[in-house]
Each structure stands twice: as C-alpha cells, then as structure tokens.
Amino acid sequence: IPDDTMIPLPNVNLLDDDGSQKLLTVLEAETVPMSIDFLKEKCCCDNETVLQNSLQKLSYQSLITLKTSPKINVVSIETKKINSLLGRFDKKRKRRKLNTALTAESAEFLLNKPSAIQSESKKLGEEIQALLNHKSAREKTIIENLKSNKTAQVREFCEWVTRQECKRGNVKFGSCKKLHFRKLIHSHTDTSLGDCSFLNTCFHMDTCKYVHYAIDEDDQRVHMRRQHREAMNTRAKNSAAMLVSDSKSLSMAATTITPPQWIQCDIRKLDKDVIGKFTVIMADPPWDIHMELPYGTMTDDEMRNLGVEKVQDDGFIFLWVTGRAVELGRELLAIWGYDRVDDIIWVKTNQLQRLIRTGRTGHWINHGKEHCLVGVKGNPKNFNRGLDCDLIVSEVRDTSHKPDEIYGMIERLSPGTRKLELFGREHNTQNNWLTLGNQLDGVHLEWEDVKQKYFARYGMSLPF
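So in the numbering used here, spot 79 of the sequence shown is number 1131, and the numbers just go up one at a time.
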C-alpha cells in the first residue's frame, strides 16, 4: 500500500476509537469479502480516508487481511480476536459509565457532607440538648413519688366498642382484653336510627329511640379480679419493703393527707377571713352564658366583686371558662391580682371515648372542649414544674362536671398543700381540699384553725 495513501498508526488504542469499534461490529457481523464502498454504507462513514486508516490499523494488528487492487477489500477476518476486542471494549465502556456515576455520587456526597465546623456545632448542640433533657436526681425522685399506683390505672376501651364487633374485627386473635360495651336495646329502641348523640348523658334515656350503651358486665368482673390480684401483689411488695430499713429521706413521703372538707354556703356572702389562705384555688363559676341551665348563674359584676384575692397571697388559680367567659375570665384574673401563665384544654369525649360532635353548648359552633385559665400570684414555693401537659382528654358526665384528672394535675403541681374549690358540688370533694358551694350538704371541717374561726363567726348555722 503506498505510504502517501495510507497512514499506518499501529499504536492507536482501538477501544477508545468509536469509529473503529463500530467498524469492528460490522466486520464481525458480515461475511467476506467486503468492499470499501460496502463498509462505508454499513458504518455510515462519508470520509473514505478515515475508513481506510481504520482498516489499515486493523490490518497492522493482524485482525483482518486486505486486498488493495483495484480498491481496498477485506478478504479475511480473525473472528475470535475481533470478538475478544469487542468484549474488552464493552467492559471498558461499562467501567467508564460506572466511574462516571461514582464520580457524580462522590461529588454530591462531598457537597452534602457537613464541614468540620458544622459537625462540631451539631455535636455541641446534641450534648446541650442531652443535658437539658436529662432529669436530675430530685426530678426523678419527685416523678417516682408522684407516679400513680399500678392498681389505680384506668383500663383501655376497645376501639371496636362491643365484644361481638371485636371478635369480627380480630378474626385471628379473637376477642381482646380491653374494656367493651354492650348495646341497651329496649322495646322503644329503633336500631335503624343508630347511636344516640348524647349516649349516657341523654336526658330522656327511658324514652329515647336511639341506641344507648353500658359497660359489659363480663369485662367489669374480669377487671375487678385483675385489680384485686394487683392490689394483693402490691401489698405483699410493700410489706416486704417495710422489713428493709431505708436511709433515704424524701420530703414528699411525709406529705399529710387531710380528708375532704366542705361548707354549704353562698360564696358571695361568706366571710373570706374565716377560711384562711390557700396555695391553690380552683373555680368553676356559674357564668351567665345566656342559655337555659339547671342551676342559678351570677352576673359579671358579682364575679368581679367575689373577693377571691382575700384567700390567697402566693399560689395558683385554675379558672374554668366557657366560650363567652374567656375574656371575662382573663379580666377577673387581673382584678384578683394574678398573672395568666397557661391554659389547660379539656377535649371532651363521649361514653364510647369518641370526640364530642354534638355538644349542648355553643351559639355558633358546637363546643367539644373547655378552657381552664391558669394564673399565678406572688411567689409560690415548693411546687413541681413540667410534670403534666396542658391537655386533658376525658369523658363528659353530668352538666358542669369537670374531669377528675385536673385534681391529679394540681396535686402533682403542689403536693400536700391547702387547696380551695369554689362553686363545688358533692362529687368535687377531695382530700386536701376545702369545697365551697350552695349545692353541698352542711359543713364538715378538719383543719382546727378553720374550725375555730368558722364556729366563732357562724356557730352551727350556715353562712347564707
């Protein structure tokens, strides 16, 4: 082959030459002989010189045999060698693609990787957060001491409501161990109407045609037996613990428990000096909410002049308010000398532990919650922070019957102190509390100083 026509390049790497790779593929697939014109068409190459150079390269590597007269023709092919080269080329191409992808991932990783300063700042923040969340020995002692007795824990209700629905819903496991309800079907009940909106708070259960419920007696008996066993186990553990001398002194272990006390009275007329001072006050006033209620109400001015400020120097107040009375309640706290520091929200549920959607209060929207304003006065001492949250989810009962959980929250906040409840009823009487209200029965006092002042002021009569 004349040197001025062919440019021999035996050291060129064929696998990096796309034209040569394409040419190899054609040579491997077709049969010899193959003319230069045929190869130009198959390789889609318009430049005959480039194609000739590529064939010359292959000939130098003994992959093909060329015949140059009158034109270049491929007369033989080393098929095994070409196949081997194509395999090597495919591996190299895959490796190149993989390297490209790894390079892109590495670049993204480096861009997303935090710097040394960022890593150090994050580590320092985590250490600070861990220190803030770590409870001190005193906090652990308070929490352990105020933890509810295991036998006093409530039992969870089954989401399937009735035992029959529970068995259908839990085909694999059968009935669960949670508390169930049973339907109360009477002669006047029309089951097609569905459940009563008010359930056990319905005023007309004897004639209501909707479905009502009661707790399944079988579940109650099982629950009572379990509670009895737990109580016996707890008593045995406590008896064993008493045999071991404990040198630890816990200030809260010596908390004095005073039985419930109450005074039947008109709070507006009661001489507040008689009852003394209290650390915690809770009030559920009979607000005038412009609705028909089963009890008497008080005007806004009567509330302003109630004299609550006389029964507390340092401490907390918990004031239940309705929708209309929220702003008035905040005004009263300021008048009585308190700073409002928190709100507790009671989310109301019905007998089946579902959210209330048809409450009896609310002029524009049915109310499914109530607010309790929390105020602080003076400089209260010996109280516990951060033990409870500001949310109570509890069942609605009689009219104006607030959730019992509020008493536990207050006792944990200020354990063993004197507490006063205004506008209470019989169900409100609690240990360590003095309850005042006109729906109570007579007078029962335990604190000697209050007894002396009261009987010196009123004798055996009631302060109306």
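Note that beta-carbon positions come from the ideal geometry of N, C-alpha and C, so glycine has one too.
Between the options, which lies nearest to residue i when the distance is taken from Cα to Cα?
i: Thr1331; options: Trp1339, Glu1463, Asp1247, Cys1248; result: Glu1463
i: Asn1434; options: Gly1468, Glu1498, Gln1216; result: Gly1468
i: Met1086; options: Asn1105, Tyr1112, Leu1465, Ile1116; result: Ile1116
i: Ile1319; options: Asp1456, Met1257, Thr1083, Leu1472; result: Leu1472
i: Asn1357; options: Ile1327, Lys1321, Asp1365; result: Lys1321
i: Glu1093; options: Gln1108, Lys1109, Leu1075, Asn1105; result: Leu1075
i: Leu1407; options: His1415, Ile1396, His1419; result: His1419
i: Gln1405; options: Asn1164, Lys1192, Ser1121, Thr1214; result: Thr1214
i: Gly1359; options: Ile1327, Thr1374, Tyr1347; result: Ile1327
i: Pro1432; options: Cys1424, Gln1364, Gly1460, His1415; result: Gln1364
i: Cys1517; options: Met1512, His1256, Asn1185; result: Past the boundaries of the shown model lies residue 1517; the chain is included only from 1053 to 1516, so the question cannot be answered.
What does the alpha-carbon distance come out to for the pair residue i and residue j?
i: Thr1349; j: Asn1222; result: 50 Å
i: Leu1138; j: Lys1119; result: 24 Å
i: Ile1169; j: Ala1182; result: 20 Å
i: Thr1487; j: Thr1401; result: 26 Å
i: Glu1498; j: Asp1450; result: 28 Å
i: Phe1233; j: Cys1218; result: 10 Å
i: Lys1329; j: Glu1354; result: 21 Å
i: Glu1196; j: Arg1190; result: 10 Å
i: Glu1457; j: Glu1447; result: 11 Å
i: Asp1323; j: Gln1403; result: 41 Å
i: Ser1466; j: Asn1490; result: 27 Å
i: Ile1333; j: Ser1171; result: 50 Å
i: Asp1258; j: Phe1250; result: 13 Å
i: Leu1385; j: Leu1492; result: 26 Å
i: Ile1369; j: Asp1394; result: 10 Å
i: Pro1539; j: Ser1244; result: Nothing can be reported for residue 1539, as the shown portion of the chain is limited to 1053 through 1516.
i: Ile1021; j: Cys1228; result: Residue 1021 lies beyond the stretch modelled for the chain, which goes from 1053 to 1516, so this question has no answer here.
i: Ser1301; j: Leu1176; result: At Ser1301, the pLDDT of 38 sits below 50, so the modelled position is not reliable; the number obtained from the coordinates is stated separately. Each residue's alpha carbon lies about 36 Å from the other.
i: Ala1292; j: Thr1193; result: Note that Ala1292 scores 45 on pLDDT, short of 50, meaning its location in the model is unreliable; the coordinates nonetheless yield the value given after this. Rounded to the nearest angstrom, the two C-alpha atoms are 21 Å apart.
i: Cys1210; j: Asp1366; result: 44 Å
i: Arg1509; j: Asp1325; result: 10 Å
i: Ile1129; j: Lys1165; result: 54 Å
i: Ile1341; j: Lys1187; result: 44 Å
i: Cys1254; j: Thr1308; result: 40 Å
i: Arg1220; j: Ser1167; result: 57 Å
i: Ala1305; j: Ser1173; result: Bear in mind that a pLDDT of 39 at Ala1305, under 50, signals an unreliable position, so the model cannot answer this.
i: Ser1121; j: Ala1081; result: 24 Å
i: Ala1204; j: Cys1424; result: With a pLDDT of only 47 at Ala1204, under the threshold of 50, the placement of this residue in the model should not be trusted; the figure read from the coordinates follows. Going from the Cα of Ala1204 to the Cα of Cys1424 covers about 25 Å.
i: Ser1299; j: His1415; result: The pLDDT assigned to Ser1299 is 36, lower than 50, so where the model puts this residue is not dependable, and the model offers no usable value.
i: Asp1501; j: Arg1470; result: 12 Å
i: Asn1105; j: Arg1140; result: 22 Å
i: Asn1252; j: Ser1239; result: 18 Å
i: Arg1147; j: Leu1184; result: 51 Å
i: Arg1409; j: Gln1482; result: 31 Å
i: Asn1436; j: Asn1480; result: 23 Å
i: Asn1125; j: Gln1113; result: 17 Å
i: Pro1461; j: Leu1163; result: Rather than Pro, the amino acid found at residue 1461 in this sequence is Met. Rounded to the nearest angstrom, the two C-alpha atoms are 50 Å apart.
i: Glu1269; j: His1256; result: 23 Å
i: Thr1374; j: Cys1248; result: 25 Å
Just to confirm before moving on: does the CB-CB distance between residue i and residue j stay below 8 Å?
i: Lys1518; j: Trp1372; result: Only positions 1053 to 1516 of the chain appear in the structure, and residue 1518 is not among them; the question remains open.
i: Tyr1262; j: Gly1246; result: yes
i: Lys1421; j: Trp1388; result: no
i: Val1084; j: Val1127; result: yes
i: Asn1315; j: Val1445; result: It is worth fixing the name first, because residue 1315 is Ile in this sequence and not Asn. No.
i: Asp1352; j: Ser1452; result: no
i: Lys1362; j: Tyr1390; result: no
i: Ile1267; j: Leu1236; result: no
i: Gly1427; j: Arg1376; result: no
i: Ile1088; j: Lys1123; result: yes
i: Asn1484; j: Thr1241; result: no
i: Leu1091; j: Leu1103; result: yes
>> So within the stretch 1215 to 1252, which uninterrupted alpha helix (DSSP H) runs reach at least 4 residues, ignoring any that extend past its ends?
In response: If we require 4 residues or more, the alpha helix (DSSP H) runs fully inside the stretch 1215 to 1252 come out as 1215 to 1221.
>> To test your reading of the DSSP string, which unbroken alpha helix (DSSP H) runs of 4 or more residues are found completely within the stretch 1452 to 1512?
In response: You should have 1457 to 1465, 1500 to 1510.
> Counting Cβ pairs closer than 8 Å, one from the stretch 1127 to 1138 and one from the stretch 1097 to 1109, do we hit at least three?
Replying inline: Judged by Cβ distances under 8 Å, the stretch 1127 to 1138 makes no contact with the stretch 1097 to 1109, as fewer than three pairs qualify.
> How do the stretch 1504 to 1511 and the stretch 1470 to 1482 stand: do at least 3 beta-carbon pairs fall below 8 Å, yes or no?
Replying inline: Taking a cut-off of 8 Å for Cβ pairs, the stretch 1504 to 1511 and the stretch 1470 to 1482 do not touch, as fewer than three such pairs fall below it.
>> Just to confirm the assignment: which complete alpha helix (DSSP H) runs, minimum length 4, are found wholly within the stretch 1377 to 1402?
In response: Counting only runs of 4 or more, we get 1378 to 1387.
>> Does the stretch 1377 to 1388 come into contact with the stretch 1435 to 1442, if we say contact requires no fewer than three beta-carbon pairs (one atom in each stretch) closer than 8 Å?
In response: Contact between the stretch 1377 to 1388 and the stretch 1435 to 1442 is absent, because fewer than three Cβ pairs lie under 8 Å.
> For the stretch 1316 to 1344, which segments carrying the alpha helix (DSSP H) assignment without a break, of at least 4 residues, lie completely within its bounds, in sequence order?
Replying inline: Secondary structure remark: continuous alpha helix (DSSP H) runs of at least 4 residues inside the stretch 1316 to 1344: none found.
> Which parts of the stretch 1086 to 1128 are runs of the beta strand (DSSP E), unbroken and 3 residues or longer, counting only runs that do not cross its ends?
Replying inline: DSSP runs (the beta strand (DSSP E)) wholly in the stretch 1086 to 1128: 1116 to 1119.
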